[in-house]
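A short worksheet on the structure shown next.
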Amino acid sequence: MNKLITNSRILLLFLTATALHGYPQTDAAAGAILTQVSKTYQGYKTLQADFTITVQQPQQAGKYTESGTIYMQAASGKYRITTGGQELISDGKTQWAVLRDEEEVQVTTADHSSASISPANIFTFYQKGYKYVTAPSERAGNIQLHVVELAPENTHTPYFKIKLRINKATHLIHDVTIFDKSGARYSYTIKSTKGNVPIAANQFVFNPSDFPGMEIVDLR
Numbered sequence: 670m671n672k673l674i675t676n677s678r679i680l681l682l683f684l685t686a687t688a689l690h691g692y693p694q695t696d697a698a699a700g701a702i703l704t705q706v707s708k709t710y711q712g713y714k715t716l717q718a719d720f721t722i723t724v725q726q727p728q729q730a731g732k733y734t735e736s737g738t739i740y741m742q743a744a745s746g747k748y749r750i751t752t753g754g755q756e757l758i759s760d761g762k763t764q765w766a767v768l769r770d771e772e773e774v775q776v777t778t779a780d781h782s783s784a785s786i787s788p789a790n791i792f793t794f795y796q797k798g799y800k801y802v803t804a805p806s807e808r809a810g811n812i813q814l815h816v817v818e819l820a821p822e823n824t825h826t827p828y829f830k831i832k833l834r835i836n837k838a839t840h841l842i843h844d845v846t847i848f849d850k851s852g853a854r855y856s857y858t859i860k861s862t863k864g865n866v867p868i869a870a871n872q873f874v875f876n877p878s879d880f881p882g883m884e885i886v887d888l889r
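FYI, in the numbering used here the residues of the sequence shown are 670 to 889.
Here it is as structure tokens:
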């Protein structure tokens, strides 16, 4: 599995959580749910969340599972995503992808274009280009969940559906499943969300001394 691609999909979870108020409405009830989710996340200047990724590949019996943490300062486009295999770090201008298994750090320019998927445009990415509908409510243990399904209007996206489950009490994302056209399913479960928490500035800065022996590849 290309873990760099996997972590780019992690961002979809948090992008889905915000800026949903601008969708072309195809379901008024779904629009109201997404608007409330958007307001909840937009109230956070900083965000820290622990998550678990589960990937089911077609024609494979086993599942790939990994845990991680995301730190985000959305207004400035800064973020840090940490999993066991890698880290994505951005100071809003540059992104460093630390690939531990390859002992390599890939340096790229942070993409702020409206067509990109990154925390830099977290409040605007989903304002157009998606249709959404409600699905029957579900439960996870004792948690009551809204269910909203989103479909991209652009048929060239690698995925054809996003299933979003939202805690009815807190208006926070419980989990999201991305249905890939290849048949793979990427599920992300949020184990905890902390808003407006103090995050040290150095979380969003790449420090080579923290990753000794790694080759730095500048792709800018």
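For glycine and all other residues, C-beta sits at the position ideal for the given N, C-alpha and C.
Where residue i falls: helix, strand or coil (DSSP)
i, result
"residue 890", "Given a span of 670 to 889 for the chain in the structure shown, any question on residue 890 remains unanswerable."
"residue 768", "strand"
"residue 703", "helix"
"residue 806", "strand"
"residue 786", "Here the model assigns residue 786 a pLDDT of 44, short of 50, so the residue's position is not dependable and the matter cannot be decided."
"residue 860", "strand"
"residue 725", "strand"
"residue 871", "helix"
"residue 713", "coil"
"residue 762", "coil"
"residue 800", "strand"
"residue 708", "helix"
"residue 697", "helix"
"residue 736", "strand"
From the options, residue whose alpha carbon lies closest to that of residue i
i, options, result
"residue 707", "839, 866 and 753", "839"
"residue 763", "854, 775 and 752", "775"
"residue 746", "729, 716 and 752", "716"
"residue 734", "857, 700 and 744", "857"
"residue 712", "871, 720 and 744", "744"
"residue 831", "837, 869, 842 and 846", "846"
"residue 870", "884, 824, 761 and 807", "761"
"residue 799", "855, 836, 820 and 810", "820"
"residue 880", "816, 807 and 767", "767"
"residue 699", "720, 780, 809 and 815", "815"
"residue 817", "825, 810 and 841", "841"
Burial state of residue i (16 or more Cβ within 10 Å)
i, result
"residue 742", "buried"
"residue 641", "Since the first and last residues shown for the chain are 670 and 889, residue 641 lies out of range."
"residue 886", "exposed"
"residue 888", "exposed"
"residue 812", "exposed"
"residue 834", "buried"
"residue 778", "exposed"
"residue 697", "exposed"
"residue 836", "buried"
Own chain residues within Cβ distance below 6 angstroms of residue i, not counting five before or after
i, result
"residue 714", "865"
"residue 718", "739, 859 and 862"
"residue 693", "Confidence in residue 693 is poor, its pLDDT being 48 and thus under 50, which makes the residue's placement unreliable; the coordinate value appears in the next sentence. So the list is empty, once near-sequence residues are dropped."
"residue 722", "735 and 857"
"residue 875", "758 and 765"
"residue 671", "Below a pLDDT of 50, predicted positions are generally treated as unreliable, and residue 671, at 45, falls in that range; the measurement from the model is reported next regardless. Around residue 671: no qualifying Cβ."
"residue 822", "798"
7 angstroms CB neighbourhood of residue i in its chain, flanking five on each side removed
i, result
"residue 769", "754 and 755"
"residue 850", "827, 828 and 829"
"residue 732", "723, 724 and 725"
Close beta carbons around residue i, own chain, < 8 angstroms, minus the five adjacent residues each side
i, result
"residue 853", "724, 725, 726 and 727"
"residue 848", "828, 829, 830, 831, 832 and 854"
"residue 884", "772, 773 and 774"
Inter-residue Cα distance where the pair is residue i and residue j
i, j, result
"residue 844", "residue 828", "17 angstroms"
"residue 772", "residue 705", "42 angstroms"
"residue 737", "residue 757", "11 angstroms"
"residue 792", "residue 751", "For residue 792, the pLDDT reaches just 38, beneath the cut-off of 50, and the residue's location in the model is therefore unreliable, leaving the point undetermined."
"residue 805", "residue 702", "13 angstroms"
"residue 807", "residue 695", "21 angstroms"
"residue 677", "residue 873", "At residue 677, the pLDDT of 49 sits below 50, so the modelled position is not reliable and the matter cannot be decided from this model."
8 angstroms Cβ cutoff, residue i in contact with chain B
i, result
"residue 887", "Included in the structure is just one protein chain, with no chain B present."
Closer than 7 angstroms: residue i CB and nearest the ligand SAH heavy atom
i, result
"residue 718", "Summarising the ligand content, the structure contains no ligands, and the ligand SAH is consequently not present."
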